[in-house]
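Report on the following structure.
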Amino acid sequence: MTAAQQAELTRQLNDYAKETSTQIAVVTEASLQGQPVFDRSLAIAEGWGIGGSEDKDNGVLIYVARDDRKIYIQTGYGVEGFLNDARAGRIIRNIMTPAFRRGDYYAGISGAAQAIMDAGRGEYTADQVPEEQPGVHPIFVFIFIFVIFMLLNRFGNRHDDDDDGDGGYWRGGHYDGRRSPRGRRGGGWFILPGGFGGGGGGGGGFGGGGGGFGGFGGGGFGGGGAGGGW
């Protein structure tokens, strides 16, 4: 397949994953290097964790070993309702094998992916990411804590002559309750607001030569699917 064809197929699979949360990956290799096609394709599917999430297990791998002329469609537990072994076998026999025999690999792979997407629409919906709710900005929390700390510190210094109690504060993540030197004692804790981070996830994808593809959701596979050749 050309680079443009790979890019178009990846776009379609990513769009489908965003719509349904079902992830479809395509892997092509020159040779199985003596491995059974089932074992090789299952190892990739499980190793990459293809699927929207661990609780859905809705991942599909379309695997092709070019020189060995072998195909396998691995199905996650969660897609077996709409993509059982019989349907996966029909997709290989009726779509992929005829196209591959004509030398049209893109038609075979994209046609198989489209048939799987059509079968799975409506089975799942995309995972919803809750919108961030309005709240107090961390900087205001920081200012509030700082003011309280200063007041407590001033109050503690004002009572130095009357109170020999010990102060406490966080040092390197641990509470330091040692008795403070006279004149420098104070109560309270000074806590900096924590940071916030974000992450992204991928959808479907295309890999060649056994390379890895990130961004999958950790789906599980139990050996369902079908194989074939041309």
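For the sequence shown, position 217 (counting from the first letter as 1) is numbered 217 according to the UniProt record's numbering, and the numbering increases by one without interruption.
Glycine included, C-beta positions come from ideal geometry on N, C-alpha and C.
Exercise. According to the Cβ coordinates, are residue 112 and residue 62 closer than 8 Å?
Worked result: Yes, they are a contact pair.
For this session: Could you give the DSSP three-state label for residue 66: helix, strand or coil?
Result: Looking at residue 66 - three-state DSSP - the assignment turns out to be coil, as it is neither helix nor strand.
For this session: Give me the Cα-Cα distance between residue 96 and residue 39, rounded to the nearest whole angstrom.
Result: Each residue's CA atom was taken as its position, placing residue 96 and residue 39 some 20 Å apart.
Exercise. Along the chain, where does the beta strand (DSSP E) that runs through residue 23 open and close?
Worked result: In the DSSP assignment, residue 23 falls within the beta strand (DSSP E) that extends over 23–29.
Problem set entry | residue 48 - containing alpha helix (DSSP H), residue span | Looking at the DSSP string, the run of the alpha helix (DSSP H) that includes residue 48 is 37–48.
Problem set entry | Three-state class that DSSP yields for residue 11 in the structure shown | Three-state DSSP puts residue 11 in a helix.
For this session: Could you check how far apart the C-beta atoms of residue 58 and residue 22 are, in whole angstroms? I think they sit under 8 Å.
Result: Right, their Cβ atoms sit about 4 Å apart.
Problem set entry | Rounded straight-line distance, which links the Cα of residue 90 to that of residue 71 | When rounded, the distance between both Cα atoms is 12 Å.
Exercise. Run through DSSP, which three-state label would residue 90 get?
Worked result: Three-state result, residue 90: helix.
Exercise. Per DSSP, what kind of secondary structure is residue 33 in: helix, strand or coil?
Worked result: The answer is coil: DSSP assigns residue 33 none of H, G, I, E or B.
For this session: Consult DSSP for residue 205 and reduce its assignment to one of helix, strand or coil.
Result: Caution applies to residue 205, whose pLDDT of 47 falls short of 50 and renders its modelled position unreliable; the value that the coordinates give is listed next. DSSP places residue 205 within a strand segment (E or B) once states are collapsed to three.
Exercise. Which one of 64, 87, 74 and 76 has the shortest CA to CA distance from residue 108?
Worked result: The alpha carbon of residue 108 has as its nearest neighbour, out of 64, 87, 74 and 76, the alpha carbon of 64.
Exercise. If you draw a straight line from the alpha carbon of residue 16 to that of residue 41, how long is it in whole angstroms?
Worked result: Straight-line measurement puts the Cα of residue 41 at about 22 Å from the Cα of residue 16.
Exercise. Could you give the distance in angstroms between the alpha-carbon of residue 85 and the alpha-carbon of residue 29?
Worked result: Their backbone Cα atoms lie some 23 Å apart in a straight line.
For this session: Indicate the three-state DSSP secondary structure (helix, strand or coil) for residue 161 in the structure shown.
Result: With a pLDDT of 48 at residue 161, under the threshold of 50, the modelled position of this residue cannot be trusted, and the question is left open.
Problem set entry | Same chain, Cβ closer than 6 Å to residue 172, neighbours up to 5 away in sequence not counted | Any reading at residue 172 is ruled out, since the residue's pLDDT is 35, under 50, leaving its predicted position unreliable.
Exercise. Is DSSP giving residue 228 helix, strand or coil here?
Worked result: Shown here, residue 228 sits in a strand according to DSSP, grouped into three states.
Exercise. Can you check whether the CB of residue 75 is closer than 8 Å to the CB of residue 224?
Worked result: Taking 8 Å as the Cβ cut-off, residue 224 and residue 75 qualify as a contacting pair.
Problem set entry | Local Cβ density within 10 Å of residue 110, reported as buried at 16 or more and exposed below that | Buried: at least 16 other Cβ atoms inside 10 Å.
For this session: Drop a sphere of 10 angstroms on the beta-carbon of residue 47, count the other beta-carbons inside from all chains shown, and report buried for 16 or more, exposed for fewer.
Result: Exposed: under 16 other Cβ atoms inside 10 Å.
Problem set entry | DSSP three-state assignment for residue 108, whether helix, strand or coil | DSSP places residue 108 in helix when its eight states are reduced to three.
Problem set entry | Through-space distance from residue 56 to residue 6, alpha-carbon basis | If I take the Cα positions, the gap works out to 27 Å.
For this session: Using 10 angstroms around the beta-carbon of residue 78, count the other beta-carbons present and answer buried if the total reaches 16, otherwise exposed.
Result: It counts as buried.
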